[in-house]
Amino acid sequence: MFESAGSGQGAGEVTAGVVTPAPRPGPDAPEPAASSVEPLGATPVTVAASVDLVFAAMIAELLVRPSATTHTPPATPRTPGTLSGARRRRPPASGAPDWAPGGIAGILDAHTPGIDLTTLLDDLDPAHVSDTALIEIIAAWERTSSWAAARQGDAIAELAARRTTSRTLEFTGDEIAARLAMTRTVAEAKVTLAQALTAAPEVHTALTTGTIDTRKAIILTEDTAHLPRDHARALQSAVLPDAGDLTPPALRNRLRRTELTTNPAATTDRHTRAAAGRRVTLTPANDAMAWLTAYLPAPDATTIYDALTALATTTAPRPTSTSSTGGTGSGGADAPGAPGDDRGIDARRADALTDVLRTVLDTGLTLTGTHLATTHRRRPHLNVTVAATTLLGLDNTPAELAGYGPIPAHLARQIATDATWRRILTDPTTGDTLAVGTCTYRPGADLTRTIATRDTTCTFPGCRTPAYRCDLDHLTPYDHTLHPGSDHLTGHPSHPPQTRCENLHTLCRHHHRLKTHTNWDVYRDPTTGTTHWTAPTQHRYARPPTPAASPTRAATSGAPGAPGGSPPGSEPPASEPPASGPPRHDLGPPPPF
Numbered sequence: 279m280f281e282s283a284g285s286g287q288g289a290g291e292v293t294a295g296v297v298t299p300a301p302r303p304g305p306d307a308p309e310p311a312a313s314s315v316e317p318l319g320a321t322p323v324t325v326a327a328s329v330d331l332v333f334a335a336m337i338a339e340l341l342v343r344p345s346a347t348t349h350t351p352p353a354t355p356r357t358p359g360t361l362s363g364a365r366r367r368r369p370p371a372s373g374a375p376d377w378a379p380g381g382i383a384g385i386l387d388a389h390t391p392g393i394d395l396t397t398l399l400d401d402l403d404p405a406h407v408s409d410t411a412l413i414e415i416i417a418a419w420e421r422t423s424s425w426a427a428a429r430q431g432d433a434i435a436e437l438a439a440r441r442t443t444s445r446t447l448e449f450t451g452d453e454i455a456a457r458l459a460m461t462r463t464v465a466e467a468k469v470t471l472a473q474a475l476t477a478a479p480e481v482h483t484a485l486t487t488g489t490i491d492t493r494k495a496i497i498l499t500e501d502t503a504h505l506p507r508d509h510a511r512a513l514q515s516a517v518l519p520d521a522g523d524l525t526p527p528a529l530r531n532r533l534r535r536t537e538l539t540t541n542p543a544a545t546t547d548r549h550t551r552a553a554a555g556r557r558v559t560l561t562p563a564n565d566a567m568a569w570l571t572a573y574l575p576a577p578d579a580t581t582i583y584d585a586l587t588a589l590a591t592t593t594a595p596r597p598t599s600t601s602s603t604g605g606t607g608s609g610g611a612d613a614p615g616a617p618g619d620d621r622g623i624d625a626r627r628a629d630a631l632t633d634v635l636r637t638v639l640d641t642g643l644t645l646t647g648t649h650l651a652t653t654h655r656r657r658p659h660l661n662v663t664v665a666a667t668t669l670l671g672l673d674n675t676p677a678e679l680a681g682y683g684p685i686p687a688h689l690a691r692q693i694a695t696d697a698t699w700r701r702i703l704t705d706p707t708t709g710d711t712l713a714v715g716t717c718t719y720r721p722g723a724d725l726t727r728t729i730a731t732r733d734t735t736c737t738f739p740g741c742r743t744p745a746y747r748c749d750l751d752h753l754t755p756y757d758h759t760l761h762p763g764s765d766h767l768t769g770h771p772s773h774p775p776q777t778r779c780e781n782l783h784t785l786c787r788h789h790h791r792l793k794t795h796t797n798w799d800v801y802r803d804p805t806t807g808t809t810h811w812t813a814p815t816q817h818r819y820a821r822p823p824t825p826a827a828s829p830t831r832a833a834t835s836g837a838p839g840a841p842g843g844s845p846p847g848s849e850p851p852a853s854e855p856p857a858s859g860p861p862r863h864d865l866g867p868p869p870p871f
């Protein structure tokens, strides 16, 4: 153990990387051995004769301050992950340069990631090493990060292996997403990589030793997933020797080139597999903006881009009331080439895309004349929840745009100028919708919209699927044997309607299936509006309600809708969790999808 100056702590014995206390020498003790380490300006520290000299020298080299001046940091309480609370630096006794076998860079480079390397790195103060050593410290932390990712992957793979049925395995990512407060997409990517590494031991070893990072491990497993296992391992082994020196794009190119050399027919297979994953994603950005990203076959993407460029460079008037949020109007600024149009070509492409797709929404028809699909019997629409006082200009409370999140008050008022309004009364404290219910199984249009406005998104923790695209789910399953709103023995009205605000919430189709087919439990606190979820592992998660903007909120919608609602079939039981522990239930019949 290394002793802080003036701490009065005894010397220590270092064995196999473990620091253990040793008795402090008495006044008649012999002089310390040659392996003693004496920090500048500090009380000499004796290392026991049984110390591993190489490891002791390594510690001495790591505690470096590349300056001839004396530096003794103040003593501080010991903190987890450090060899000593006071981090002391001194030049190496041998004066070895950084890249020498005894220098910092050489020592770090010689160590594979693990507990010892992590401890040594944690004890280094970046402010007291050379630039060369700093680069090597950064690289060593990167290797350690890869090691940690591999070890986390081992745990994830074990969890997935314990989910013995296809249905329980399907929802493994949800358990991880809820615990780590991440999106399901990111969690499922972790599960996919962990399972792939079990079938690719060479890649797993490279990640564990820090030869490659997580991104490269994903490329090596994902880009070979379509191959038979032995072919995939052969291809991975062929490129792994150089993988550490290649950037991720260069590694992917090397992998493709090697595969095409050994299997020319793979081009068609790879494109078919990639095209099957085409998609469009929406990612919220700052300042009430968002990224709309399309992953398409190259010919399709090029065609769309050329079409947008053609529209952007066509001289024609663009309606002034058409914006990223509002509807279309008449008149306004001219397109490129016309006086007064100061938009750049990128902005004009974005406006052209918005105009084309908004025309589809305005007409309610596809380009071939087919009517657009509906959700809860409503066409696609923009759903914004905003305080009535904000609409009146009395305050600037942020509004909530379904599928995005909070938006500025001025943007909400702009949307409201061309929208259908619905007035919804809410609790002045929690913002929860006041009781609305029906005696039938299926909620009507008003109740459907009220629940969607209240929840704004799927109520599973971390899920951002907009409520208007979700199913409506009975928290406590609807009992069809009871007369609606009546006592099941006397037939007289005694129970509140089963289909009511307090017993309904929104779930995306995926999380509706999770609730139905697995042992997740859900309970909604009627006082706070918080939805509580309990995982099969007994972990508990809370999804708080959307903050109340005002006792009275107005929901604006960009398109009118027809009445009606259509939640899926029966749901699994759910009840208030007892004080003694989380609720359990038997699975009910699955919904019809």
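Numbering (our numbering), first residue to last: 279 to 871. C-beta atoms are modelled at their ideal positions from N, C-alpha and C, and glycine is treated no differently.
Inset, instruction - Note down, in chain order, each residue of its chain lying with its Cβ closer than 8 Å to the Cβ of A312, except the 5 sequence neighbours on either side. - result: Residue 312 sits at position 34 when you count from the first residue of the sequence shown. Unreliable placement is indicated for A312, whose pLDDT of 42 sits below 50; the coordinate value is still reported in the next sentence. Correct list: empty, nothing qualifies.
Inset, instruction - Could you round the C-beta distance between Q473 and A438 to whole angstroms and report it? I think they count as a contact, below 8 Å. - result: Numbered from its first residue, the sequence shown carries residue 473 at position 195. Numbered from its first residue, the sequence shown carries residue 438 at position 160. Indeed they touch by this definition, with Cβ atoms about 6 Å apart.
Inset, instruction - Return helix, strand or coil for A338, following the three-state DSSP convention. - result: Position 60 of the sequence shown, counted from the first residue, corresponds to residue 338. With a pLDDT of 45 at A338, under the threshold of 50, the modelled position of that residue is not reliable, and the figure given next carries that caveat. Correct three-state label for A338: helix.
Inset, instruction - Give me the Cα-Cα distance between R732 and L679, rounded to the nearest whole angstrom. - result: As a working mapping, residue 732 is identified with position 454 in the sequence shown. As a working mapping, residue 679 is identified with position 401 in the sequence shown. Looking at the two C-alpha atoms, the distance is approximately 12 Å.
Inset, instruction - Tell me R557's beta-bridge partners as DSSP assigns them. - result: Within the sequence shown, the letter at position 279 stands for residue 557. DSSP lists Y573 as partners of R557.
Legend entry - For W798, three-class secondary structure by DSSP: Residue 798 sits at position 520 when you count from the first residue of the sequence shown. Coil.
Inset, instruction - Note down the Cα distance separating W569 from R742, rounded to an integer number of angstroms. - result: As a position in the sequence shown, residue 569 is number 291, starting the count at 1. As a position in the sequence shown, residue 742 is number 464, starting the count at 1. Cα to Cα, the separation comes out at about 15 Å.
Legend entry - At least three beta-carbon pairs within less than 8 Å, the stretch 450 to 467 to the stretch 806 to 823: Yes, they touch.
Inset, instruction - Look up R621 in the DSSP assignment and say whether it is helix, strand or coil. - result: Within the sequence shown, numbered from 1, the residue matching residue 621 stands at position 343. R621: coil per DSSP, three-state reduction.
Legend entry - Under the three-state DSSP convention, the category L586 falls into: Translated into positions along the sequence shown, residue 586 becomes position 308. Looking at L586 - three-state DSSP - the assignment turns out to be helix.
Legend entry - Distance between R507 and T536 (C-alpha atoms, nearest Å): Along the sequence shown, one-based indexing puts residue 536 at 258. Along the sequence shown, one-based indexing puts residue 507 at 229. Approximately 16 Å, taken between the alpha carbons.
Legend entry - Cut-off 6 Å between Cβ atoms - residues of its own chain near A495, not counting five sequence neighbours on either side: For this step, residue 495 is matched to residue 217 along the sequence shown. Cβ within range, chain order: V481, L485.
Inset, instruction - Answer yes or no: do W425 and G488 have a C-beta to C-beta separation smaller than 9 Å? - result: For the purposes of this step, residue 425 is taken as residue 147 along the sequence shown, with counting starting at 1. For the purposes of this step, residue 488 is taken as residue 210 along the sequence shown, with counting starting at 1. Cβ distance < 9 Å, so W425 and G488 count as in contact.
Inset, instruction - Quick one: grab the DSSP three-state call for R742. - result: The residue you call residue 742 lines up with position 464 of the sequence shown. Reduced to three states, the DSSP call for R742 is coil.
Legend entry - Test item: CB-CB of L725 and T777 under 9 Å: Here the question's residue 725 lines up with position 447 in the sequence shown. Here the question's residue 777 lines up with position 499 in the sequence shown. It is a contact, given that the beta carbons lie within the stated cut-off.
Inset, instruction - Indicate whether L672 and A694 have their beta-carbon atoms separated by less than 9 Å. - result: Mapped onto the sequence shown, residue 672 falls at position 394. Mapped onto the sequence shown, residue 694 falls at position 416. The answer is no: Cβ separation not under 9 Å.
Inset, instruction - Reducing DSSP to helix, strand and coil, say where G431 ends up. - result: Looking up residue 431 in the sequence shown gives position 153. Three-state result, G431: helix.
Legend entry - Through-space distance from L538 to T443, alpha-carbon basis: In the sequence shown, counting from the first residue as 1, residue 443 sits at position 165. In the sequence shown, counting from the first residue as 1, residue 538 sits at position 260. Rounded to the nearest angstrom, the gap between the Cα atoms of T443 and L538 is 36 Å.
Inset, instruction - Count the CB pairs spanning the stretch 461 to 479 and the stretch 389 to 401 that are closer than 8 Å, and state whether there are at least three. - result: no
Inset, instruction - Can you say whether P519 is buried or exposed, counting buried as having 16 or more other CB atoms within 10 angstroms of its CB? - result: Translated into positions along the sequence shown, residue 519 becomes position 241. So P519 counts as exposed.
Legend entry - Buried or exposed by the 16-neighbour rule on C-beta atoms within 10 Å, applied to T796: For this step, residue 796 is matched to residue 518 along the sequence shown. Under this definition T796 is a buried residue.
Inset, instruction - Mark A459 as exposed unless 16 or more other C-beta atoms lie within 10 angstroms of its C-beta, in which case mark it buried. - result: Stepping through the sequence shown from its first residue, residue 459 is reached at position 181. It counts as exposed.
Inset, instruction - Determine, using beta carbons only, whether A552 and P575 come nearer to each other than 9 Å. - result: Position 274 of the sequence shown holds residue 552. Position 297 of the sequence shown holds residue 575. Cβ atoms of A552 and P575: closer than 9 Å.
Legend entry - Nearest-angstrom beta carbon gap, N781 and L750 [assumed within contact, 8 Å]: The count along the sequence shown starts at 1 and reaches residue 750 at position 472. The count along the sequence shown starts at 1 and reaches residue 781 at position 503. That belief does not hold up - the Cβ atoms of L750 and N781 are roughly 10 Å apart, past 8 Å.
Inset, instruction - Per DSSP, which residues does A677 bridge with? Please list them. - result: Taking the first residue of the sequence shown as 1, we reach residue 677 at position 399. In DSSP, A677 forms a bridge with I685.
Legend entry - CB contact flag (A730, T784, <9 Å): The residue you call residue 730 lines up with position 452 of the sequence shown. The residue you call residue 784 lines up with position 506 of the sequence shown. Yes, Cβ-Cβ distance for A730 and T784 is below 9 Å.
Inset, instruction - Could you check the C-alpha separation between V800 and T728 for me, to the nearest Å? - result: As a first step, residue 800 is located in the sequence shown; it is residue number 522 there, counting from the start. As a first step, residue 728 is located in the sequence shown; it is residue number 450 there, counting from the start. Cα to Cα, V800 sits roughly 20 Å from T728.
Inset, instruction - Could you have a look at T487 and say whether DSSP puts it in helix, strand or coil? - result: Position 209 of the sequence shown, counting from 1, holds the residue named residue 487. Note: T487 maps to coil in three-state DSSP.
Legend entry - Inter-residue Cα distance where the pair is D523 and L529: Position 245 of the sequence shown, counted from the start, is the residue given in the question as residue 523. Position 251 of the sequence shown, counted from the start, is the residue given in the question as residue 529. Using only the alpha carbons, I get a separation of about 9 Å.
Inset, instruction - Please report how far the alpha carbon of A665 lies from the alpha carbon of L513, in whole angstroms. - result: In the sequence shown, the residue the question calls residue 665 occupies position 387. In the sequence shown, the residue the question calls residue 513 occupies position 235. So the two alpha carbons sit approximately 59 Å from each other.
Inset, instruction - Determine the extent of the beta strand (DSSP E) in which T536 is found, giving its start and end residues. - result: The residue you call residue 536 lines up with position 258 of the sequence shown. Where T536 is concerned, there is no enclosing beta strand (DSSP E), although the alpha helix (DSSP H) it sits in stretches over 526 to 540.
Legend entry - Straight-line gap, P823 to Q430 (C-alpha atoms, nearest Å): Walking along the sequence shown from the start, residue 823 turns up at place 545. Walking along the sequence shown from the start, residue 430 turns up at place 152. Rounded to whole angstroms, P823 to Q430 spans 32 Å at the Cα level.
Inset, instruction - Sort L792, Y819, P744 by Cα distance to L560 and report the nearest one. - result: In the sequence shown, residue 560 corresponds to position 282, counting from 1. That would be P744, whose Cα lies nearest to the Cα of L560.
Legend entry - R493, enclosing alpha helix (DSSP H) - first and last residue: On the sequence shown, residue 493 is found 215 positions in, with the first residue counted as 1. Note, R493: alpha helix (DSSP H), 492 to 500.
Legend entry - Under 9 Å between C-beta atoms of C786 and F738: By one-based count along the sequence shown, residue 786 stands at place 508. By one-based count along the sequence shown, residue 738 stands at place 460. In this structure, F738 lies closer than 9 Å to C786 by Cβ.
Inset, instruction - Have a look at D501 and H688 and give me their C-alpha separation to the nearest angstrom. - result: Stepping through the sequence shown from its first residue, residue 501 is reached at position 223. Stepping through the sequence shown from its first residue, residue 688 is reached at position 410. The straight-line gap from Cα to Cα measures roughly 46 Å.
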